[in-house]
Amino acid sequence: MSPLHAETVISERQLDRSWIELTVREPDWHEADPSGPPTERRYRRIPQRDDRIMRVICLETATEIRIITAFLDRKARMPR
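So for the sequence shown, full-length UniProt numbering puts the first residue at 1; every next one is plus one.
Structure (structure tokens):
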């Protein structure tokens, strides 16, 4: 995400930057993104938002973690 785009998305979606960071670094679960590796979907329940699920799509390399997008995913369900 470009810095300007990221700030816009965070503000419009009423997200807290710490939720995104926690989701990326300590997800409740993750899965490969359909666009293919190395892009990954990472999910985390956000208690401050009525336990809704944050989805962050990111690309991690040895030197950085690039956030593609982040949003509260209405359809996400924790795997059993």
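C-beta: ideal position from N, C-alpha, C; glycine also. Since the model is a prediction, treat every value here as computed from it, not as a measurement.
Separation of residue j from residue i, as counted between CA atoms
i, j, result
"T69", "I57", "5 Å"
"I53", "E64", "24 Å"
"D33", "D16", "23 Å"
"R13", "A62", "29 Å"
"R55", "P37", "17 Å"
"I46", "W19", "7 Å"
"Q48", "R77", "17 Å"
Simplified DSSP assignment, three categories, for residue i
i, result
"T8", "helix"
"L15", "coil"
"R44", "strand"
"R80", "coil"
"E21", "helix"
Buried/exposed call for residue i, threshold 16 Cβ in 10 Å
i, result
"W29", "exposed"
"R8", "Rather than Arg, the amino acid found at residue 8 in this sequence is Thr. Its Cβ having fewer than 16 others within 10 Å, T8 is exposed."
"P27", "buried"
Beta-carbon separation (whole angstroms), residue i vs residue j, contact threshold 8 Å
i, j, result
"E31", "R41", "5 Å"
"residue 133", "T39", "Since the first residue shown for the chain is 1 and the last is 80, residue 133 is missing from the structure and cannot be characterised."
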